[in-house]
Amino acid sequence: MVRIRLRRVGAKKKPSYRIVVAPKEAPRDGRFIEILGYYNPRTEPETVEVKLDRAAYWLSVGAQPSEPVARMFRRLNLLDENGRPIPLSQDNAETQSNGDASAVSASAA
Numbered sequence: 003m004v005r006i007r008l009r010r011v012g013a014k015k016k017p018s019y020r021i022v023v024a025p026k027e028a029p030r031d032g033r034f035i036e037i038l039g040y041y042n043p044r045t046e047p048e049t050v051e052v053k054l055d056r057a058a059y060w061l062s063v064g065a066q067p068s069e070p071v072a073r074m075f076r077r078l079n080l081l082d083e084n085g086r087p088i089p090l091s092q093d094n095a096e097t098q099s100n101g102d103a104s105a106v107s108a109s110a111a
């Protein structure tokens, strides 16, 4: 099973985290498949940078987010309140505009 979780980096007592896709059995700072972004809780406000398209891909193929990552993804509107993936807004705009020409021109402007 594959999980999306935080990998700690940074100096002692100054944590920052990478958001990674890793096998469930791998250690916290061990082997990983892909880096999706980073999270720095020490900045004001907290810094979160995520590759939304790659995160949505991994969620679509069944990767399970850890609890902290799931909370973060809910704030970024990648997951709904039940933990189910939400399609990206670009995909929503394309599916909504298929039958409506005015929506296409409004989204292009």
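Everything in the sequence shown is counted per this note's numbering, starting at 3 for the first residue and increasing by one.
Even for Gly, the Cβ is constructed at its ideal location relative to N, Cα and C.
Near K26, which residues of its chain fall below 6 Å by C-beta distance, leaving aside the five closest residues on each side in sequence?
-> One-based indexing of the sequence shown puts residue 26 at position 24. Cβ within range, chain order: M3 and R5.
Inter-residue spacing [alpha-carbon to alpha-carbon] between Y19 and Y59 = Position 17 of the sequence shown, counting from 1, holds the residue named residue 19. Position 57 of the sequence shown, counting from 1, holds the residue named residue 59. Using only the alpha carbons, I get a separation of about 21 Å.
For L80, three-class secondary structure by DSSP | Mapped onto the sequence shown, residue 80 falls at position 78. Coil at L80, not helix or strand.
Simplified DSSP assignment, three categories, for A28 | On the sequence shown, residue 28 is found 26 positions in, with the first residue counted as 1. Residue state, collapsed to three classes: coil.
Name the two residues that bound the continuous alpha helix (DSSP H) containing L61.
-> Within the sequence shown, the letter at position 59 stands for residue 61. Note, L61: alpha helix (DSSP H), L54 to S62.
Residue span of the beta strand (DSSP E) that contains L90, given as start and end | Here residue 90 refers to the residue found at position 88 when the sequence shown is read from its first residue. Unbroken run through L90: none, as it is neither H nor E.
DSSP puts S18 in a beta bridge; with which residues?
-> Numbered from its first residue, the sequence shown carries residue 18 at position 16. S18 is bridged to V11.
For A28, I'd like the list of residues in its chain whose CB is within less than 8 Å of its CB, leaving aside the five on either flank, ordered along the chain.
-> The sequence position of residue 28 within the sequence shown is 26, counting from 1. The answer, listed in chain order, is F34.
State the DSSP-derived secondary structure class of E69, mapped to helix, strand or coil.
-> For the purposes of this step, residue 69 is taken as residue 67 along the sequence shown, with counting starting at 1. Note: E69 maps to helix in three-state DSSP.
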